[in-house]
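Top to bottom, those sequences are chains A and B.
Going by the numbering used here, the first residue of the first sequence is number 1, and it counts up by one from there.
Going by the numbering used here, the first residue of the second sequence is number 553, and it counts up by one from there.
From the three backbone atoms N, C-alpha and C, an ideal C-beta is built for every residue, glycine too.
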Amino acid sequence: MYKYDGYDATMVQERVSQFRDQTGRYIEGKLSDAEFLPLRLQNGLYVQRLAPMLRIAIPYGMLSSQQLRKLAFISSHFDKGYGHFTTRQNIQFNWPALEDVPDLLAHLAEVEMHAIQTSGNCIRNTTTDQFAGVAIDEIEDSRPYCEIIRQWSTFHPEFAYLPRKFKIAVCGTKEDHAATQVHDIGLYLRKNDKGEIGFQVLAGGGLGRTPVIGQVVFDFVHQHDLLTALEAILRVYNREGRRDNKYKARIKILVRETGLDAFCEKVLAEWEQLRGGSLTLTDAEIERCKSYFQAPPYKLLDASPESLRTALAQDVLFASWYSNNVTPHKRSGYAAVAISFKKTGYAPGDVTEDQLNALADLADRFSFGEVRVTHAQNVILADVEESELYNLYQQLAADSLETANLNKLNDIICCPGGDFCALANAKSIPIAEAIQRQFDDRELLADIGEVSLNISGCMNACGHHHVGNIGVLGVDKKGEEFYQVSIGGSSKREAKLGRILGPSFAQSEIPFVVADLVSVYREHRLDHEKFIDTVDRIGVDPFKKRVYEKVQ
Amino acid sequence: MAILINNKERIPDHWTLIQSASGPDVFSPLKGRNALLPLGLFLSDEEEAASQFSAIGVWLDSHQNLDKLEDRLSSLPIIALNFPVFNDGRPYSLARRLRRDLGYIGEIRAIGDVLRDQLCFLERCGFDSFALRSDQDPDACLKAFSDFSTSYTATAVNEMPLFRRRG
C-alpha cells in the first residue's frame, strides 16, 4: 500500500498543528461556532446527538495491521471501545472529546492516517472497489489512481469551499463494487483501441434528497489528463453550483439545470485552459504510485488444494461460510475473503477494539498484513491462500467473526441513524436488527440468494437506500418514526434507483413487509433468477399488491 | 479602515472602496484618490472616473465573472474580489483564473469577510493582498501563510505540482 514520504508526513503533521491551534482558539472563544464549523468538518469532526463524532479517512479502503492496532488503541483511549465502518470507506468514532481531537489526530499521523476532508463542502475521501488488484475481471488496478486523486484533492486550495460536499469513486473492474454511478464524479477505468489506459468520466450522480445516476461527461480521458479533467469539472462546479439552497447545491442539480450538453461545453472550455499544463500526469508519477501497489510475494500454488476440498466436504458450516464469503482471486491458489460485520444483534458496521486487534492479527497471519474495508461496511482479507481458508475460518469462529452472509438479505447496509446521528429522522439500527432476526435461517437465506437491503435514517441517504434492491428510508410523520420502502435499486454497472412501493410503514411492520417482498420473489422467480432480476422482469405491482393487501 | 496585508506585510491601504450601490455622483468628493470601483460602475462610468481619480481599480462580488474585464486587465493595477461570507468559495476560482489562465500580474485583493484561517489557500489561488475583517489579529494572520510548507497540487505560489518536484 502507499507509504508516506517526507512531504506526505510533513503535510499531515502540519495539519495536526493547524487544527490544534484552531481548536485552541475556538475553546478560548476567538473563533465563533460558524467560523470553526468548516474547519472542524474538514478534519472530520461533527457535533452529534450525544458527543462529537470523528470520521477518519481510510483512503480507498486500505488498512495495514499497524493502522488497525492504532485504531483499536484510539477506540479504547478516546472512545468507548468501538468504532463504525461507514458506507464510504471511512471509520467513525462517536465519543471523542473535542479537546482531545488534536491528540487523536497526532496518533493517527504516526501511522500515516488522518481525518482530512472526511466532511465539509470539499472533495472527500476517494473510494473504490474492495477487490482492486485481485479481482479476476479487473481492467486496471484503481488504487494508484485513487492515490493520485487523493494527493491532488488534499488541501486543494481552490476547492475547500465548494457549494456542497463532493465525492469521487473509481472502478477498475467490469462489475462495479464501488457504487460509482451515484457519486459526484464516477470514474471507470478503461482501455482504448490503442491499449492506452484512461477513464470514462461520469458526473452529477448522487443520492440524498434528489437521487440521480451520473451521466457521461467524457467517454475517454487519457490517464495523463485525469487531473486536468477533474479540475475542469470542479472549477465549473465551484463557480456555478448553487449556493442559495443547501438542498440544490450538489453538482447533480447543476448538471440537471444547465443541461448535460451545456455543462459539458463549460467543462471543455475550462479543460482547454488546463489540458497539457503542469497538472498533466507523467508516466513517472503513475509508475511511482503503481510501485506501491505491486502484487505481494505470492507463492506458486495450485487452485483448490485437496485440504480445502476435504474441509468443505466435512464441515457444513465452513462450506456455508465459504460459499457466502469467499471470492475468487486472479492468482491461482489464493482467494479474497470477506469478514462480515453484519452479525444479528450488532449494529451493522460497528467494530470493537478487540475486533480491530483481531483483524490486525488475521491480516498478519493470512493476508500480508493488510485488509480493505468495503462500502457495504464489511472487511476483506484480499490475499488468503486457499489452503489456509479452513484455518482462517476456525480463527474467525474463535473471534466470533465467522458470520456467513455476504450479499445476503441480512448483510444490511445501514447508517447509524437516530441512535447517534443528529440529522436522522428515524432510527435505522433497530430496523436492521429486526429484519436480521426475522431472517436468521441459513438455508432460507441461501435460498433467497443475493439481495442488497439498504437502510437510511433520513433522506441524506448515507445508507444508500435508493440503490438497495430493497431500500428502507426513515421518515418523520408528525413526530413519529415511519419507514418508506422501495425496491429495484442497484449500485452496480446497471445502476438504478429503487421505486417507492407506497405509503410508509410503522417500525414494527418492516420485517413483515420484507417477508412479503421475499415471498413474492420466491413465487415468481425463474431458475437462478436474483431478486433484482425478478423485480425487473415482473415490475413493482405484484410486490406492492402483496404488501398493501393486508392493510386494506 | 480594514487592516491590510500585502505580500505578507502589514501596510497602509491607499485605495478607497466605492460601494456597489454608488453612482458617479460619489466621484467628486473623493477626487484625486485611488478608487476601487464596483464592476458595474467601472463598466458604465470609466471615463468619468478616470478624470476624477488618480488611479482606478475594480472589485467584483463573488457571483460576478471576469468576461467583461478580460481585454482590459492590463490597464488595471488592482482587482479586488469580495467575500460576502468567508465560506463563499467562488472568489478562489476567480483568482486562479485571473492569475493563471489570464496571466494577470496586478494586485489581487481579498475584501469582505476575510479571516485568518482562509489566508493560506487564498494566497495559493493567487491573492496577494488581504483587507482583513476588522476583528482579525494581523500578527496571527501573518503566521497563517506558513500553515503548510508545500502543496500537492499546482498553485499560484508554485505552479509545479508536487509530483513534478519529488526527488
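> Are the C-beta of B/E622 and some C-beta of chain A separated by less than 7 Å?
Replying inline: Reading the second sequence from its first residue, position 70 is the one you call residue 622 of chain B. Taking Cβ atoms only, chain A never reaches closer than 7 Å to B/E622, which makes this a no.
> Any contact of the segment 643-658 of chain B with the segment 167-184 of chain A, i.e. 3+ C-beta pairs under 8 Å?
Replying inline: No, the segment 643-658 of chain B is not in contact with the segment 167-184 of chain A.
> Rounded C-beta distance between A/R557 and A/Y298? I'm assuming under 8 Å.
Replying inline: The question about residue 557 of chain A has no answer here: the residues shown for chain A are numbered 1 through 552.
>> I need the boundaries of the alpha helix (DSSP H) containing A/Q22, first residue and last residue.
In response: In the first sequence, residue 22 of chain A corresponds to position 22, counting from 1. Taken as a continuous stretch (DSSP letters only), the alpha helix (DSSP H) holding A/Q22 covers G6 to I27.
> Quick one, which residues of the segment 271-285 of chain A are near chain B if we go by CB-CB under 9 Å, in chain order?
Replying inline: In summary, the residues of the segment 271-285 of chain A whose CB is separated from some CB of chain B by less than 9 Å are Q273, L274, G277, S278, L279, L281, T282, A284 and E285, in the order they occur in the chain.
>> Going by DSSP, what residue range makes up the beta strand (DSSP E) through A/C421?
In response: In the first sequence, the residue the question calls residue 421 of chain A occupies position 421. Element bounds for A/C421: n/a, residue is neither H nor E.
>> In the DSSP output, what is A/V513 paired with across the bridge?
In response: Residue mapping note: residue 513 of chain A aligns to position 513 of the first sequence, counting from 1. DSSP, once it has assigned bridges, lists no residue as partnering A/V513.
>> Rounded to whole angstroms, what is the Cα-Cα separation between B/E599 and B/G575?
In response: Residue 599 of chain B sits at position 47 when you count from the first residue of the second sequence. Residue 575 of chain B sits at position 23 when you count from the first residue of the second sequence. So the two alpha carbons sit approximately 13 Å from each other.
> In terms of residues, what are the limits of the beta strand (DSSP E) holding A/K191?
Replying inline: If you number the first sequence from 1, residue 191 of chain A lands on position 191. Where A/K191 is concerned, the enclosing beta strand (DSSP E) stretches over I185 to K191.
> Which residues, in order along the segment 148-167 of chain A, keep a beta-carbon less than 9 Å from a beta-carbon of chain B?
Replying inline: From the segment 148-167 of chain A, only I148, R150, Q151, W152, S153, T154, F155, H156, P157, E158, F159, A160, Y161, L162 and P163 have a Cβ closer than 9 Å to chain B.
>> Since A/G214 and A/V236 should fall inside the 8 Å C-beta cutoff, what is the C-beta to C-beta distance between them, to a whole number of angstroms?
In response: One-based indexing of the first sequence puts residue 214 of chain A at position 214. One-based indexing of the first sequence puts residue 236 of chain A at position 236. Contact annotation, A/G214 with A/V236: C-beta distance approximately 15 Å; criterion of less than 8 Å not satisfied.
> So which residues on chain B does A/T10 lean against when the C-beta distance must stay under 8 Å?
Replying inline: Along the first sequence, one-based indexing puts residue 10 of chain A at 10. Scanning chain B for C-beta atoms nearer than 8 Å to the C-beta of A/T10 yields S701 and T702, reported in chain order.
> What's the C-alpha gap between A/R522 and A/L453?
Replying inline: Here the question's residue 522 of chain A lines up with position 522 in the first sequence. Here the question's residue 453 of chain A lines up with position 453 in the first sequence. Going from the Cα of A/R522 to the Cα of A/L453 covers about 16 Å.
>> Within 7 Å of any Cβ in chain B, is that where the Cβ of A/E14 sits?
In response: Locating residue 14 of chain A in the first sequence gives position 14, counting from the first residue. At least one C-beta of chain B is nearer than 7 Å to the C-beta of A/E14.
> So does the segment 244-256 of chain A actually touch the segment 194-208 of chain A, counting three or more Cβ pairs closer than 8 Å?
Replying inline: Three or more pairs of CB atoms, one per stretch, sit closer than 8 Å, so the segment 244-256 of chain A contacts the segment 194-208 of chain A.
> Which stretch, first to last residue, makes up the alpha helix (DSSP H) that contains A/A36?
Replying inline: If you number the first sequence from 1, residue 36 of chain A lands on position 36. The displayed chain sequence assigns Phe, not Ala, to residue 36 of chain A. Start and end: D33 to L41.
> At which residue ranges does the segment 142-176 of chain A contain complete beta strand (DSSP E) runs of 3 or more residues, listed in the order of the chain?
Replying inline: Along the segment 142-176 of chain A, the beta strand (DSSP E) occurs as fully enclosed runs of 3 or more residues at 168-171, listed in sequence order.
>> The alpha helix (DSSP H) that contains A/A313, what's its start and end?
In response: What you label residue 313 of chain A is simply residue 313 of the first sequence in a count that begins at 1. Note, A/A313: alpha helix (DSSP H), E306 to Q314.
>> Can you give me the C-alpha to C-alpha distance between A/F131 and A/R164, rounded to a whole angstrom?
In response: Working through the first sequence from its first residue, we reach residue 131 of chain A at position 131. Working through the first sequence from its first residue, we reach residue 164 of chain A at position 164. So the alpha carbons of these two residues sit roughly 30 Å apart.
> If you run the structure through DSSP and keep just helix, strand and coil, what is A/N410?
Replying inline: Within the first sequence, numbered from 1, the residue matching residue 410 of chain A stands at position 410. Three-state DSSP puts A/N410 in coil, outside helix and strand.
> So, does the CB of B/T705 fall closer than 7 Å to a CB anywhere in chain A?
Replying inline: Here the question's residue 705 of chain B lines up with position 153 in the second sequence. Put simply, the CB of B/T705 is near chain A, with a gap under 7 Å to one of its CB atoms.
> If A/F220 sits next to A/N192, beta carbons under 8 Å apart, how far is it from one beta carbon to the other, in whole angstroms?
Replying inline: The residue you call residue 220 of chain A lines up with position 220 of the first sequence. The residue you call residue 192 of chain A lines up with position 192 of the first sequence. Sure, about 6 Å apart at Cβ, within 8 Å.
> Between B/S645 and A/R239, is the Cβ-Cβ spacing less than 7 Å?
Replying inline: Within the second sequence, residue 645 of chain B is the residue found at index 93, counting from 1. Within the first sequence, residue 239 of chain A is the residue found at index 239, counting from 1. If you check the CB distance, B/S645 and A/R239 come in under 7 Å.
> From A/I429 to A/A336, what does the alpha carbon distance come to, in whole angstroms?
Replying inline: Taking the first residue of the first sequence as position 1, residue 429 of chain A is located at position 429. Taking the first residue of the first sequence as position 1, residue 336 of chain A is located at position 336. Taken atom to atom, the span from the alpha-carbon of A/I429 to that of A/A336 is near 28 Å.
> Cα-Cα, which of B/T568, B/E561, B/F679 and B/H566 is closest to B/L633?
Replying inline: Against the second sequence, residue 633 of chain B aligns to sequence position 81. It is B/F679 whose Cα lies nearest to the Cα of B/L633.
> Between which two residues does the beta strand (DSSP E) containing B/N558 stretch?
Replying inline: Reading the second sequence from its first residue, position 6 is the one you call residue 558 of chain B. Bounds of the beta strand (DSSP E) holding B/N558 are I555 to N558.
> By the criterion of Cβ-Cβ separation under 8 Å, what are the contact partners of B/Y644 in chain A?
Replying inline: Reading the second sequence from its first residue, position 92 is the one you call residue 644 of chain B. From the beta-carbon of B/Y644, the residues of chain A found nearer than 8 Å are P157, E158, F159, A160, Y161 and N238.
> A/E481 by DSSP, collapsed to three states: which one?
Replying inline: To locate residue 481 of chain A, count along the first sequence from 1; it is residue 481. Looking at A/E481 - three-state DSSP - the assignment turns out to be strand.
>> Taking DSSP's pairing of strands, which residues face B/W567 in a bridge?
In response: As a first step, residue 567 of chain B must be located in the second sequence, where it is residue number 15. According to DSSP, residue pairing for B/W567 in a beta bridge involves B/N586.
>> Counting only beta-carbon separations shorter than 7 Å, does B/D680 have a partner in chain A?
In response: As a working note, residue 680 of chain B is residue 128 in the second sequence. Not closer than 7 Å to any Cβ of chain A, the Cβ of B/D680 fails to qualify, so no.
>> With a threshold of 8 Å, are at least 3 pairs of Cβ atoms found where one atom belongs to the segment 420-429 of chain A and the other to the segment 384-397 of chain A?
In response: The segment 420-429 of chain A is not in contact with the segment 384-397 of chain A.
>> How far does the beta strand (DSSP E) with A/S490 in it extend, from its first residue to its last?
In response: Looking up residue 490 of chain A in the first sequence gives position 490. No beta strand (DSSP E) holds A/S490; DSSP gives it neither H nor E.
> What are the complete beta strand (DSSP E) segments, minimum 3 residues, inside the segment 218-304 of chain A?
Replying inline: Listed in chain order, the beta strand (DSSP E) elements of length 3 or more contained wholly in the segment 218-304 of chain A amount to none.
> Looking only at DSSP bridge pairs, what is A/F199 linked to?
Replying inline: Translated into positions along the first sequence, residue 199 of chain A becomes position 199. For A/F199, which the question treats as bridged, DSSP gives the partners A/L189 and A/V221.
>> Beta-carbon within less than 6 Å of A/F36's beta-carbon, same chain only, minus the 5 sequence neighbours each way: which residues are those?
In response: In the first sequence, the residue the question calls residue 36 of chain A occupies position 36. Here the set comprises Y26.
> What whole-angstrom Cβ distance do B/A683 and B/R661 have, given they're in contact under 8 Å?
Replying inline: Start at 1 with the first residue of the second sequence, and residue 683 of chain B comes out as number 131. Start at 1 with the first residue of the second sequence, and residue 661 of chain B comes out as number 109. At roughly 6 Å, the Cβ-Cβ gap stays under 8 Å, so B/A683 and B/R661 are in contact.
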